[in-house]
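**Student:** When we follow our numbering, the leftmost residue of the sequence shown carries the number 718, and every step to the right adds one.
No residue lacks a Cβ here, since even glycine has one placed at the ideal position from N, Cα and C.
Owing to the predicted nature of the structure, the values given are computational and were not obtained by experimental measurement.
Questions regarding the structure given below will be posed in turn.
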Amino acid sequence: MPLLPRSTPAASGMSSRAVGALLDQLEARSVECHSLMVVHRGHVVVEGWWTPYSAERVHLLYSLTKSFTSVAVGLTIADGLLSLDDRVVDVLPDHVPADVSAQGRRITVHHLLSMTAGHDPDSLDEAWRLEPGDLVRGFLRVPFANAEGTRHTYDNSTTYILARMVERVTGRSLPEFLDERLFQPMGIEGAEWDRVASGAAFGFHGLHLTTEAVAAFGELLLRGGVWGDRQLVPREWLDLATSPQIETLPLPNWSENPDFLRGYGYQFWISRHGYHGRRLRSVLRGRTVPRTRHRPHRRRRPNRRPARPLLGLPPTGPGQPGQRSGRRTARGSPATTVLHPRTRLSAPVSLGARDDRRLR
């Protein structure tokens, strides 16, 4: 059963020309997409997948996983099990090294959520090197470069620790907790999690969901945590998590992008038009929710794929990522969109009266 109702661009007041323009921009910028879903006014109006990906196939969400962990933290705070002022050393005392620094003792849930613990750069590699079997202990052993709460540094370890804190106070694993409180009530099935050697979910990475499940999550955020007639996530938490908590600075080795310079919330990047998860367009504060999945920002190798692969046709090659057979299937809901060479719509995205036209 679909998580979201379907409509057409025309019926929702969206021009099909905008869809073609988006695809042209993705191609021009060499963005290697795996799927695309546009939700407008609560309805899916455009959806498509690049072979070998499909509607039913779950996809690695990379660091968008962090935003789901943030929701889990918000739920435990709403339940009275955690607070923003709770310290790591108090919630996870068995993971604290004997020689923990004074600053390590002061690190709170707020510092972890906003990635302002004071490490620079990302502490993940060093923490794992110091303590291969206990990333929390390793995190507390890594020297701090800045005072807590003063500077944002993108730090994956912070989210891992938040996941362990959620598990400690709830008595449930992070996947179990989110399945019970978020996924099942929304009708999301088949979530998969990558895990460390101990069996714990990474928390900062490793969640796998379908495109529509991610779109539904974005719609949940736009609705202020309401799904159907239930308030699944407190609106107050979402307002806090998606508001700037600290200013952000350009990240090393990243392509210049103003949407990463608008501040950081609680495991959400603040952007010019709303907020998003790293490497994945997440949510606009308006009525439109675009969904794209792609690999990290990097230029594609020449001839890795045809310049303008066909859409809506079966693959003729082995159909593996990065091979020349990478063809795309896309559809405008409920009508079918078939995109031909040069990515011009030979069939309209919508058959609605206001938008029944071909793009030239």
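Output the residue ranges of the alpha helix (DSSP H) runs that lie fully inside the segment 813-879 and measure 4 residues or longer, sorted by chain position.
**Tutor:** The segment 813-879 contains these whole alpha helix (DSSP H) runs: 819-823, 826-831, 841-847 and 852-858.
**Student:** Specify, as a first and last residue, the run of the alpha helix (DSSP H) that Leu-895 falls within.
**Tutor:** Residues 891-895.
**Student:** What whole-angstrom Cβ distance do Val-775 and Gly-935 have, given they're in contact under 8 angstroms?
**Tutor:** With a Cβ gap of about 16 angstroms, Val-775 and Gly-935 do not count as contacting.
**Student:** Tell whether a beta-carbon distance below 8 angstroms holds between Phe-894 and Ala-789.
**Tutor:** The answer is yes: Cβ separation under 8 angstroms.
**Student:** Measuring straight from C-alpha to C-alpha, what distance separates Arg-804 and Leu-879?
**Tutor:** Whole-angstrom Cα-Cα distance: 11 angstroms.
**Student:** So Leu-955 packs on Gly-941, CB below 8 angstroms; how close in whole Å?
**Tutor:** About 6 angstroms; that satisfies the 8 angstroms criterion.
**Student:** What are the boundary residues of the beta strand (DSSP E) that includes Leu-926?
**Tutor:** Leu-926 -> beta strand (DSSP E) spans 924-926.
**Student:** What's the gap between the Cα of Leu-721 and the Cα of Leu-739?
**Tutor:** Cα to Cα, Leu-721 sits roughly 22 angstroms from Leu-739.
**Student:** Compare the beta carbon distance of Met-754 and Glu-929 with 8 angstroms and say whether it is the shorter of the two.
**Tutor:** Result yes, Cβ atoms of Met-754 and Glu-929 sit closer than 8 angstroms.
**Student:** With a 10 Å radius around its C-beta and 16 neighbouring C-beta atoms as the bar for buried, classify Asp-802 as buried or exposed.
**Tutor:** That one is exposed.
**Student:** Using C-beta distances below 8 angstroms, list every residue in its chain close to Arg-881, excluding the 5 sequence neighbours before and after it, in chain order.
**Tutor:** Correct list, in chain order: Leu-809, His-812, Val-853, Ala-917 and Gly-920.
**Student:** Which term fits Glu-897, buried or exposed, when burial requires 16 or more other beta carbons within 10 angstroms of its beta carbon?
**Tutor:** Glu-897 should be labelled exposed.
**Student:** Opposite Tyr-981 in the DSSP bridges: which residues?
**Tutor:** Answer is Ile-963 and Trp-986, bridged to Tyr-981.
**Student:** From what residue to what residue does the alpha helix (DSSP H) around Ser-784 run?
**Tutor:** Its alpha helix (DSSP H) spans residues 782-795.
**Student:** Taking the beta strand (DSSP E) that Gly-907 belongs to, which residues open and close that run?
**Tutor:** Unbroken run through Gly-907: none, as it is neither H nor E.
**Student:** Which residues does DSSP pair with Gln-948 in a beta bridge?
**Tutor:** Looking at the DSSP assignment, Gln-948 forms a beta bridge with Val-943.
**Student:** Quick test of your reading: Leu-966 and Tyr-983, contact by CB under 8 angstroms. State the CB separation rounded to the nearest angstrom.
**Tutor:** About 18 angstroms separates the two Cβ atoms, so there is no contact after all.
**Student:** Going by Cα to Cα distance, which pick from Gly-765, Val-761, Ser-915 and Gly-759 is closest to Ser-752?
**Tutor:** Of the candidates Gly-765, Val-761, Ser-915 and Gly-759, the one whose C-alpha sits nearest the C-alpha of Ser-752 is Gly-765.
**Student:** Compute the Euclidean distance between the alpha carbons of His-828 and Thr-959, then round it to the nearest angstrom.
**Tutor:** Answer to the nearest angstrom: the Cα atoms are 15 angstroms apart.
**Student:** Would you decide whether Ala-933 is buried or exposed? Buried here means 16 or more other CB atoms lie within 10 Å of its CB.
**Tutor:** Buried: at least 16 other Cβ atoms inside 10 Å.
**Student:** Contact between the segment 832-845 and the segment 854-865 is defined here as three or more beta-carbon pairs at a separation below 8 angstroms; is this criterion met?
**Tutor:** Touching, per the Cβ criterion.
**Student:** Starting from Asp-741, follow the alpha helix (DSSP H) in both directions and report where the run begins and ends.
**Tutor:** Unbroken alpha helix (DSSP H) run through Asp-741: 733-745.
**Student:** Less than 7 angstroms between C-beta atoms, sequence neighbours within five positions excluded: which residues of the same chain meet that for Met-832?
**Tutor:** Excluding sequence neighbours, Met-832 sits near His-869, Thr-870, Tyr-871, Asp-872, Thr-875 and Tyr-981.
**Student:** Counting only the same chain and skipping the five closest in sequence on each side, list residues whose C-beta sits under 8 angstroms from that of Ala-914.
**Tutor:** Gly-850.
**Student:** For my contact list, Val-1137 and Pro-726 are in at a C-beta cut-off of 8 angstroms; report their separation, rounded to the angstrom.
**Tutor:** Residue 1137 is absent from the structure shown; the chain starts at 718 and stops at 1077.
**Student:** Any idea if Met-718 is buried or exposed, counting beta-carbon neighbours within 10 angstroms, 16 or more meaning buried?
**Tutor:** With fewer than 16 Cβ atoms within 10 Å of its Cβ, Met-718 is classed as exposed.
**Student:** Look at the alpha carbon of Thr-786 and the alpha carbon of Leu-899, and state the distance between them as a whole number of angstroms.
**Tutor:** In a straight line, the C-alpha of Thr-786 is about 11 angstroms away from that of Leu-899.
**Student:** With distances taken from CA atoms, which of Leu-798, His-922 and Glu-909 is nearest Tyr-779?
**Tutor:** The candidate whose alpha carbon is nearest that of Tyr-779 is His-922.
**Student:** CB-CB under 8 angstroms to Leu-968, same chain, minus the five flanking residues each way: which ones, in chain order?
**Tutor:** Closer than 8 angstroms at Cβ, skipping near neighbours: Tyr-871 and Phe-977.
**Student:** Once DSSP output is grouped into helix, strand and coil, what is the label at Leu-1085?
**Tutor:** The structure shown does not extend to residue 1085, since the chain is modelled only from 718 through 1077, so no value can be given for it.
**Student:** Under the DSSP definition of a beta bridge, which residues are partnered with Ala-917?
**Tutor:** Partner(s): none; Ala-917 has no beta bridge.
**Student:** Consult DSSP for Arg-774 and reduce its assignment to one of helix, strand or coil.
**Tutor:** Three-state DSSP puts Arg-774 in coil, outside helix and strand.
**Student:** Please classify Pro-975: is it buried, with 16 or more other beta-carbons within 10 angstroms of its beta-carbon, or exposed?
**Tutor:** By the neighbour-count rule (16 or more Cβ atoms within 10 Å), Pro-975 is not buried but exposed.
**Student:** What span of residues does the alpha helix (DSSP H) with Asp-807 cover, start to end?
**Tutor:** That run of the alpha helix (DSSP H) goes 805-808.
**Student:** So, at 8 angstroms on beta carbons, what are the nonlocal neighbours of Ser-800 in its own chain, with the 5 sequence-adjacent residues on each side left out?
**Tutor:** Cβ within range, chain order: Ile-794 and Val-826.
**Student:** Is the beta carbon of Pro-902 sitting closer than 8 angstroms to the one on Leu-949?
**Tutor:** A contact, by the Cβ cut-off of 8 angstroms.
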